[in-house]
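Numbering (this note's numbering), first residue to last: 1179 to 1453. Where a beta carbon is used, it is the ideal one built from N, C-alpha and C, also for glycine. Have a look at the structure below, then the notes.
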Amino acid sequence: MESTAEYVRRLIRSGSRAYKSLGQVFLVSDQAIEGIVKASTFRPDVPLVEIGPGLGVLTRALAPKVEKMWAVELDSQKIDTLKKELQGLPIEFVHMDALELNLKELWGDQKGYLVGNLPYYITSPLIMHFLDQEDILSGMTIMVQKEVADRIAARPGSRTYGVLSIAVQVSAQVTKVMDVMPRDFWPAPKVTSSVLRLDLRPYPGLEVDKTKFFRVVKAAFSQRRKTLGNSLSAGLALDKEVVVKELNMAGISDGRRAESLSIEEFQIVTKLFYS
């Protein structure tokens, strides 16, 4: 088999392009592809979907390992290339915006796995779109901008800890697999990427309604530089004195800031105002 770099060069010479408007960059590192495949925890009989296959550098490594996979691509020209280059492999190509993808329409009620090099400009919406379908996903291996990966994996007290950290960690165990350098892509982006594995599972001990929980989380982070008492009062439209009293009775100082609270503490706060 051609190396990844040779494969990409051949397709570029034949007229394939990376469209900046779609955030396209092509992975050219065999080592990075091997790392993504090894990190993914799907079995051969598990339905597999790849988001944004591009020229198919990862697709051609994944397809021989499964009975059936879907490759979801917005660029119709890339689909034409993929059909030609990867014919004979168990792949169904889907021409659509991944933000509109309903996984049940691909494989029904069974649990599948997702792999993808997510476009930088819609990374967070894509992650949340698929976490909303967690009942039919066992996990994801995704490549994202390193800055986003750091936010996803951040712990309480970190400068990068926020709504995205909590939203992902409530639904999945996060493992950082590796960093991927700009030189590993063509054209080379200006940022470093990271590969994350998200093993989906119910959060241990989550006892509150998720809608109410995230209403509190978003309110707390809505004015990040303000104290918890101020941000919750404004975000939940509650009297500040009531907020301060309830927090202090629960042993949580109203002078703390949102990024210092753990998921467990946000549960406590949710129960205070939505008991």
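Between E1283 and A1249, the gap from beta carbon to beta carbon reaches 8 Å or more.
Residue burial is scored here from C-beta neighbours: Q1209 has fewer than 16 other C-beta atoms within 10 angstroms and is therefore classed as exposed.
Bridge pairing for L1342: absent [DSSP]. Across the structure, E1437 and D1313 are spaced so that their CA atoms are roughly 28 Å apart. The C-alpha of L1226 lies about 8 Å from the C-alpha of F1220. When L1304, T1182, P1222 and K1390 are compared, the shortest CA-CA separation from F1204 is found for T1182. In the DSSP annotation of this structure, the continuous segment of the alpha helix (DSSP H) that includes T1301 starts and ends at T1301 to L1309. The C-beta separation of L1296 from L1304 comes to about 5 Å, placing the pair in contact by the 8 Å criterion.
DSSP lists V1250 and G1294 as the bridge partner or partners of I1229.
The Cβ atoms of A1241 and I1211 lie no closer than 8 Å to each other. Within the region 1342-1421, complete beta strand (DSSP E) segments of at least 3 residues are found at 1350-1358 and 1371-1378, given in chain order.
Here V1369 is exposed: its Cβ has fewer than 16 other Cβ atoms, across all protein chains shown, within 10 Å. In the DSSP secondary-structure assignment, Q1323 is bridged to S1371. Per DSSP, the beta bridge partners of M1318 are L1292 and L1376. Look at E1312 here: in three-state DSSP terms it is helix. By the Cβ neighbour-count rule, Q1445 is buried, with 16 or more other Cβ atoms within 10 Å of its own. Here DSSP, grouped into helix, strand and coil, assigns V1224 to coil. Boundaries of the alpha helix (DSSP H) around V1186: T1182 to R1191.
Distance check between L1450 and each of M1427, S1440, L1439 and R1402 places M1427 closest, using alpha-carbon atoms only.
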